[in-house]
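Q:
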Amino acid sequence: HGFMPLISTPEARRAQVQLAVANYRKHFGRSPRGIWLAECAYEPGIETLLKEAGIEYFIADTHALLYGDPRPKFGVHAPVVCPNGVAVFARDVETSQQVWSAEIGYPGNDLCREFYRDIGWDAPMDYLKPHLHADGARRHLGLKYHRITGKDVPQQAKKPYLPSLAREKVAENAMHFIGERIKQAYKLRETFEGHPPLVVSPYDAELFGHWWFEGPQFIDFFFRKLHWDQSEIVAATPGDFLDSGISIQRQQPTASSWGEAGYYKVWLNEGNSWMYPYQHDAERRMTEYANKWSGDTSVPTDTAASGNELARRILNQMARELLLAQSSDWAFQIYQGTTVEYSSRRFQSHIHRFNLLAEMLDTLLADPQSSILSQHSLDLLAEIESRDNIFPELDFRIYCG
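Heads up: take any position in the sequence shown, counting from 1, add 1158, and you land on the numbering used here.
1) Applying the criterion that 16 or more other CB atoms from any shown protein chain within 10 Å of the CB defines a buried residue, is V1257 buried or exposed?
2) Which of helix, strand or coil does DSSP assign to R1271?
3) Using the three-state DSSP reduction, which class does A1260 fall into: helix, strand or coil?
4) Fully enclosed by the segment 1339–1421, which alpha helix (DSSP H) runs are 4 residues long or longer?
5) For I1336, collect the residues of the same chain with a Cβ closer than 8 Å to its Cβ; drop the 5 residues on either side in sequence, then sort them by chain order.
6) By the 10 Å Cβ neighbour count, where 16 or more other Cβ atoms means buried, how is G1373 classified, buried or exposed?
7) Provide the residue span of the alpha helix (DSSP H) that contains Y1285, from first to last.
8) At the level of alpha carbons, what is the spacing between A1295 and M1283?
9) Over what stretch of residues does the beta strand (DSSP E) that includes I1217 continue unbroken?
10) What residue range does the beta strand (DSSP E) around V1175 cover?
11) Express the C-alpha separation of K1327 and S1431 in angstroms, rounding to a whole number.
12) Could you pull the start and end residues of the alpha helix (DSSP H) that A1440 belongs to?
13) Measure the beta-carbon distance from Q1358 to V1234 and round it to whole angstroms, keeping in mind my assumption that it falls under 8 Å.
14) For S1501, count neighbouring C-beta atoms within 10 Å of its own C-beta (all shown protein chains included) and say buried if the count is 16 or more, exposed if not.
15) Measuring alpha carbon to alpha carbon, tell me which residue in Q1313, L1523, E1479 and V1311 is nearest G1160.
16) Hey, which unbroken runs of the alpha helix (DSSP H) at 4 residues or more fall wholly within the segment 1472–1526?
17) Helix, strand or coil for V1239 per DSSP?
18) Would V1251 pass as a contact of Y1215 if the rule is Cβ separation under 8 Å?
19) Can you tell me whether Q1410 is buried or exposed, with buried defined as 16 or more other CB within 10 angstroms of its CB?
20) Taking three-plus beta-carbon pairs below 8 Å as touching, is the segment 1269–1288 in contact with the segment 1300–1310?
21) According to DSSP, is H1159 part of a helix, a strand, or is it coil?
22) Nearest CA to the CA of F1512: which residue from Y1493, V1498, W1488 and I1542?
23) Give a yes or no on contact between the segment 1410–1423 and the segment 1216–1234, applying the rule of three or more CB pairs nearer than 8 Å.
24) How big is the Cα-Cα spacing for Q1314 and A1324?
25) Specify the secondary structure class of W1279 as computed by DSSP and reduced to three states.
26) Please say whether Y1557 and T1395 have beta carbons closer to each other than 8 Å?
27) Which value, in whole angstroms, describes the spacing of the CA atoms of L1482 and I1306?
28) Taking all protein chains shown into account, decide if K1287 is buried (16 or more other Cβ within 10 angstroms of its Cβ) or exposed.
29) Candidates L1531, N1427, R1172 and M1476: which alpha carbon is nearest Q1491's?
30) Specify, as a first and last residue, the run of the alpha helix (DSSP H) that I1542 falls within.
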């Protein structure tokens, strides 16, 4: 998932959306109605690409609507519609903090499982060795036997994790969350003079079960209790709201993201700005190569079939390397200062492999009649394909201009 406003070409932006839609169809057997833009990152014009792909709505950050033109009549508690007809739903700050925040939210409760205490660092090496990688280095193994205990409690003083107590607490959290939503709904309905308020609560999937081990239990309790224990609020998807017939205000949202300070500085700053000249160069070249080899007018008609197949493999892999280099996580992690070396290396590796593949393609292009590459190049292509094999359905022609 690339940070869309910092992708330099319309073709590379369009490819992000088109591939996302194709991947959704592959897994769900139908087209998606909506999309959650990566990092909720938006700038005016992105909705044009979404409409081209048949997307009816997208999720944005709070101030995308709050500072849009005109100001939203119902704040973030109703969607708006862009001038081209694509709807925008903005996340609610209150529910984000309650469920997402490790500081003031449910995941930070003392009884929840401690993420950072892991048997991979606790157990004796003789016991662990058969379960480690060949290098024998300690690492997280996913077996975590301690609870958070307290925010200021050092790792070595954490108490044992008790699943039954954590489960009781998360059931209590679910009831509390519902109660707060009911209060919020009444207050909003009164403020909006009867207009039905909508509370949009989007969360990263990795929160549930990964960072917050009890998260899936929370979801289970929440929906059971929402269905059986009350009748004042209902669960609805953005598509449900659009289908309800409730009138929606027309607005031009403003540029925004859900990063610190609400704009782009997390992904573009003095620590990670060095990445973008390389990324932007690869984006431009990807479209140039895709146009040249698209099979429309610019590829020689007498090019050998095997050469075309080899070029197709190289181009598809170039597209994968570009997509991986564009991942917003690299710039984010560099800014956070958590895995700077790893993130930098990953970005550089994908750009390097993109360039190696481009050199292979140039060799083929220099002699379209030949499908011959050195055995070293063929072995290298196969190795790169096996290493970075995301999106097997990818077709490089989505980058054509």
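Every residue gets a Cβ at the ideal spot worked out from N, C-alpha and C, and that includes glycine.
A: For this structure:
1) If you number the sequence shown from 1, residue 1257 lands on position 99. It counts as buried.
2) In the sequence shown, counting from the first residue as 1, residue 1271 sits at position 113. Of the three classes helix, strand and coil, the one that applies to R1271 here is strand, per DSSP.
3) Reading the sequence shown from its first residue, position 102 is the one you call residue 1260. DSSP places A1260 in coil when its eight states are reduced to three.
4) 1373–1386 and 1396–1401
5) Numbered from its first residue, the sequence shown carries residue 1336 at position 178. So the list reads F1380, K1383, L1384, D1387, Q1388 and I1391, once near-sequence residues are dropped.
6) For the purposes of this step, residue 1373 is taken as residue 215 along the sequence shown, with counting starting at 1. Buried, since its Cβ has 16 or more Cβ neighbours within 10 Å.
7) Here residue 1285 corresponds to residue number 127 of the sequence shown, with the count starting at 1. M1283 to L1286 is the span of the alpha helix (DSSP H), which, as asked, contains Y1285.
8) Numbered from its first residue, the sequence shown carries residue 1295 at position 137. Numbered from its first residue, the sequence shown carries residue 1283 at position 125. Straight-line Cα distance between these residues: approximately 9 Å.
9) In the sequence shown, residue 1217 corresponds to position 59, counting from 1. Note, I1217: beta strand (DSSP E), Y1215 to A1218.
10) Here the question's residue 1175 lines up with position 17 in the sequence shown. Element bounds for V1175: not the beta strand (DSSP E) but the alpha helix (DSSP H), P1168 to F1186.
11) Here residue 1431 is taken as the residue at index 273 of the sequence shown, counted from 1. Here residue 1327 is taken as the residue at index 169 of the sequence shown, counted from 1. If you take the alpha carbons of S1431 and K1327, they lie about 44 Å apart.
12) Taking the first residue of the sequence shown as 1, we reach residue 1440 at position 282. Per DSSP, A1440 belongs to the alpha helix (DSSP H) from M1433 to K1450.
13) The residue you call residue 1358 lines up with position 200 of the sequence shown. The residue you call residue 1234 lines up with position 76 of the sequence shown. The question names Gln, but residue 1358 is Val in the sequence shown. With 8 Å as the limit, V1358 and V1234 qualify as a contact, their Cβ atoms being about 7 Å apart.
14) The sequence position of residue 1501 within the sequence shown is 343, counting from 1. S1501 comes out buried.
15) Counting from one through the sequence shown, the residue named residue 1160 turns up at place 2. Of Q1313, L1523, E1479 and V1311, the residue nearest in Cα terms is E1479.
16) 1486–1494 and 1498–1524
17) In the sequence shown, the residue the question calls residue 1239 occupies position 81. Here V1239 sits in strand by DSSP.
18) Residue 1251 sits at position 93 when you count from the first residue of the sequence shown. Residue 1215 sits at position 57 when you count from the first residue of the sequence shown. No, the Cβ-Cβ distance between V1251 and Y1215 is not below 8 Å.
19) Taking the first residue of the sequence shown as position 1, residue 1410 is located at position 252. Its Cβ having fewer than 16 others within 10 Å, Q1410 is exposed.
20) yes
21) Numbered from its first residue, the sequence shown carries residue 1159 at position 1. Correct three-state label for H1159: coil.
22) Locating residue 1512 in the sequence shown gives position 354, where the first residue counts as 1. When each option's Cα is compared against that of F1512, the closest is I1542.
23) yes
24) Here the question's residue 1314 lines up with position 156 in the sequence shown. Here the question's residue 1324 lines up with position 166 in the sequence shown. Between Q1314 and A1324, the C-alpha separation is close to 20 Å.
25) Counting from 1 along the sequence shown, the entry for residue 1279 is found at position 121. In this structure, W1279 counts as helix in the three-state DSSP scheme.
26) In the sequence shown, the residue the question calls residue 1395 occupies position 237. In the sequence shown, the residue the question calls residue 1557 occupies position 399. Going by C-beta atoms, T1395 is not nearer than 8 Å to Y1557.
27) Here residue 1482 corresponds to residue number 324 of the sequence shown, with the count starting at 1. Here residue 1306 corresponds to residue number 148 of the sequence shown, with the count starting at 1. C-alpha separation (whole angstroms): 34 Å.
28) For the purposes of this step, residue 1287 is taken as residue 129 along the sequence shown, with counting starting at 1. So K1287 counts as exposed.
29) Here the question's residue 1491 lines up with position 333 in the sequence shown. Closest by alpha carbon: N1427.
30) Position 384 of the sequence shown holds residue 1542. Segment Q1533 to R1545, the alpha helix (DSSP H) holding I1542.
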